[in-house]
Amino acid sequence: MKFSRFLYQKLTTLSVLVGVFLASTTMSSHAQGLPPGQDKSGGPRYRPGELLIQFKKDITDAQLADLFQRGGLRLRKHIQTAAMKGNGQLGITLTDTPLPVEETIQMLRNHPAIEFVQPNWVYTHQAVSDDPFYTDGSLWGMYGDATSPANQYGSQAGEPWAAGYTGSRDVYIGVIDEGIQFAHPDLEANIWTNPGEIPGNGIDDDGNGYVDDVHGWNALNDNGDIYDPANDDHGTHVAGTIGAVGQNGLGVAGVNWNVTIISGKFLGPNGGTTADAIQAIDYMTDLKIKKGVNIVALNASWGGGGFDPALLDAIARAAQQQILFVAAAGNGNYFGVGYNTDNSPFYPSCYNTTTAAGYDSVISVAAIDKNGAKAGFSNYGANTVDLGAPGVAVWSTVPIGSYASYSGTSMATPHVTGAIALYASSHPAASALDIKNAILDSARATPTSSLSGKTVTGGRLNLSNIIAPPPPAPLAPGGLTATASSSSQIDLAWTDNSDNETGFKIERSNDGSNFIQIATVGANILSYSNTGLSSSTAYYYRVRAYNAGGNSEFSNTASVTTFTPPSPPPAPNGLTAAAVSASQINLTWTDNSNNEDGFRIERKKGSGGIWSQITTVGAGVTAYSNTGLSRRATYYYRVRAYNSGGNSNYSNQASAKTL
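The numbering used here numbers the first residue of the sequence shown as 48 and each following residue consecutively.
Take a look at the structure:
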């Protein structure tokens with residue numbers, strides 16, 4: 048079932064009817080002694096009276112009505128971004144319920160219409176204000192061993208700057224946070240302006256599904272107004288660390304003097320919710336899918352919700368588009384003391400996208416001070432926090448056109464996000480995993496005693512270790528051969544002529560001229576099987592090696608035609624069925640073919656049962672013992688042969704009754 052306008056209207060109607068029915072029969076979580084938006088343990092906050100639901104694709108009208116009536120649900124909003132549609136997902140439905148959130152989740156979580164149901168978690172930024180008048184040594188987080196002034200515990204950004212690596216506006220970063228003062232004198236040149244959008248005309252000029260998204264998107268209010276001067280200091284501060292303009296004689300400099308920053312606003316004065324975070328993240332993913340915007344990372348200097356499958360899905364959708372997710376490790380407990388997130392996970396920094404995306408796109412960042420000590424407020428975890436970065440007394444941009452010093456894992460995180468952008472600018476062919484590995488390897492090469500045993504790498508961000516000229520592109524592979532192994536499979540093999548490839552890209556054509564990439568394989572892998580092909584069809588292939596320095600030339604082109612499939616085999620006959628016990632029936636049949644790949648055996652229980660395949664056996668096999676059956680039950684059987692050309696007709700039917 049698709050979420051059409053008709054279904055949206057149906058949900059709305061159900062909401063009104065059920066809301067009237069339950070209005071006088073329920074009580075709030077507050078009335079039961081549970082503070083609104085807080086669980087019984089005093090844990091992460093969520094919006095009271097709000098649920099996020101993902102429905103199953105085969106939901107029926109009856110199930111939908113039952114679900115809404117049980118929970119007293121009222122439709123607030125249905126969210127289906129282009130990124131969700133591209134993944135074949137129905138989207139997320141935000142509903143109101145008059146029942147306590149935890150009680151409603153327990154009641155609905157096993158409902159047959161639901162994939163999952165969860166609270167609408169509330170997230171807050173992970174920063175605290177510091178002395179706003181402190182000016183001496185304000186940019187220690189950018190210093191390095193060889194800079195002047197020097198600080199070995201800074202990000203070492205000054206060293207690649209001195210070598211001429213200052214970033215590129217062809218690299219894009221999404222700031223998922225509060226909004227950004229896009230006209231700040233130290234940011235304006237590095238803020239994205241949508242080239243296809245005419246500001247303020249109320250029209251989606253570029254057809255990307257977002258009206259007037261000139262500098263980004265405000266998921267909090269569903270519009271393109273990304274800046275509120277009264278509240279957007281945190282987002283502006285984060286943006287400045289990533290990419291305040293350098294060498295302009297003003298204020299501060301970001302890790303990148305040149306970069307393009309896009310705002311995904313979802314935090315307001317009272318934080319932001321799961322529903323809004325999803326839309327902000329998917330906005331960035333949509334831009335990369337629809338417009339080819341080279342977004343390499345999202346900065347997430349916030350956290351605080353419980354485990355949130357809807358948010359994890361959004362992060363995974365971005366990961367599938369080669370977008371890293373850099374997250375604050377968190378600023379500790381209620382008393383501001385950092386804790387071990389291996390034992391008590393902090394989200395979203397503890398998420399892992401490997402299952403959905405094939406690699407983990409999340410980088411979790413702890414905060415250190417200018418002496419290399421882990422900040423007392425910073426969370427840590429030998430398995431869940433990746434590295435440390437400057438996060439105490441960090442100066443950056445704030446509204447209106449000003450500067451301030453903040454502390455927090457919020458401030459450490461954009462140092463790492465900025466490092467990702469700087470690396471991507473000098474390694475344009477690097478994959479998201481290549482970039483993450485480079486960042487973490489830089490930390491492993493910079494061991495820090497305060498982080499030993501408390502982060503995955505045991506070290507801190509070190510840009511001097513990663514910003515170097517990319518390696519030369521690898522040499523082209525050779526000796527490509529293509530061999531048809533069936534009517535639907537071709538096997539490729541080639542020779543590796545390089546010792547520095549990251550992997551190989553495999554391309555295919557139906558005419559020898561117009562090639563498309565169909566797969567990649569890792570370094571030193573010299574074969575690939577292309578399956579699911581059409582029979583009796585010629586295919587052309589070529590392969591090239593790649594690494595962070597670029598692509599090699601192509602190999603030679605190899606072509607081959609898939610086999611013509613054989614005719615389906617003739618049907619077996621003479622099927623017999625004999626019960627030998629209370630739980631076993633033995634079958635035998637006659638093989639009338641010399642070209643089958645095997646036999647499919649089907650069964651039904653009782654004369655009115657439904658046929659289903661229970662097993663297959665190989666070519667030439669003419670007997671099978673069916674075990675695990677019910678006592679004194681009659682079973683019916685039929686058999687057919689098969690090969691790559693198709694299935695034979697069925698044999699005769701045979702039946703037997705267990706003892």
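Note that CB positions come from ideal geometry on N, CA and C, so glycine has one too.
As the structure is a prediction and not an experimental result, all values here were calculated from the model.
Asked                                                                                                                                                                                 : Found
Let's see if you can read the secondary structure: which residues bound the beta strand (DSSP E) around tyrosine 374?                                                                 : One point to set straight first is that residue 374 is alanine, not tyrosine, in the sequence displayed. Element bounds for alanine 374: 371–375.
At a cut of 8 Å, does the region 538–550 reach the region 614–632 through at least three beta carbon pairs?                                                                           : no
Answer yes if the region 343–362 comes into contact with the region 291–307, meaning at least three C-beta pairs across the two stretches below 8 Å, and no otherwise.                : no
Taking Cβ to Cβ, would you say alanine 344 is nearer than 7 Å to isoleucine 467?                                                                                                      : yes
Is the beta carbon of aspartate 280 closer than 7 Å to that of proline 446?                                                                                                           : yes
Less than 7 Å between the beta carbons of glycine 596 and proline 524, yes or no?                                                                                                     : no
Once DSSP output is grouped into helix, strand and coil, what is the label at proline 83?                                                                                             : Reliability of the predicted coordinates at proline 83 is poor, the pLDDT of 37 falling under 50, and no value is obtained from them.
Anyone know if the C-beta pair for arginine 685 and glutamine 700 falls short of 7 Å?                                                                                                 : yes
What does DSSP give as the partner residue(s) for glutamate 97 in the beta ladder?                                                                                                    : Asp143
Using the C-alpha atoms, what's the distance from tyrosine 427 back to alanine 204?                                                                                                   : 24 Å
Could you tell me the alpha carbon to alpha carbon distance between leucine 522 and threonine 107, rounded to whole angstroms?                                                        : 56 Å
Between phenylalanine 424 and chain B, is there a C-beta pair that is closer than 7 Å?                                                                                                : You won't find chain B in this structure, because it holds only one protein chain.
Take threonine 493 and list the residues in its own chain whose beta-carbon comes closer than 6 Å to its own, dropping the five residues that flank it on each side.                  : Gly506, Arg507 and Asn509
Near histidine 462, which residues of its chain fall below 7 Å by C-beta distance, leaving aside the five closest residues on each side in sequence?                                  : Gly188, Ser202, Thr288, Val302, Ala436, Pro437 and Leu508
Which value, in whole angstroms, describes the spacing of the CA atoms of alanine 703 and isoleucine 632?                                                                             : 7 Å
Applying the 10 Å Cβ sphere with the 16-neighbour rule, what's the burial state of glutamine 369?                                                                                     : buried
I believe valine 306 touches alanine 347 by the beta-carbon criterion, under 8 Å. Please report the beta-carbon distance rounded to the nearest angstrom.                             : The Cβ separation is near 17 Å, so there is no contact.
For the beta strand (DSSP E) containing alanine 625, list its first residue and its last residue.                                                                                     : 620–626
Decide if phenylalanine 382 is buried, meaning its Cβ has at least 16 other Cβ atoms within 10 Å, or exposed.                                                                         : exposed
When the distance is taken between beta carbons, is glutamine 101 closer than 7 Å to glutamate 162?                                                                                   : yes
Under 7 Å Cβ to Cβ from lysine 483, same chain only, skipping five residues before and after it: list those, please.                                                                  : Leu371 and Ile410
Give me, in chain order, the residues of the same chain whose beta-carbon lies closer than 6 Å to that of threonine 604; leave out the 5 immediate sequence neighbours on both sides. : Tyr587 and Arg589
Since isoleucine 513 contacts serine 489 with CB under 8 Å, what's their CB separation in whole angstroms?                                                                            : 5 Å
Pull up the distance between the alpha-carbon of arginine 92 and that of valine 169, whole angstroms please.                                                                          : 6 Å
Under a three-way DSSP split, which group does glycine 435 fall into?                                                                                                                 : strand
Excluding the five sequence neighbours on either side, which residues of its own chain have a C-beta within less than 7 Å of the C-beta of asparagine 690, listed in chain order?     : Pro613, Pro615, Pro616, Asn642, Glu643 and Asp644
Measuring alpha carbon to alpha carbon, tell me which of Gln326, Ala540, Phe424 and Gln165 ends up nearest glycine 352.                                                               : Gln165
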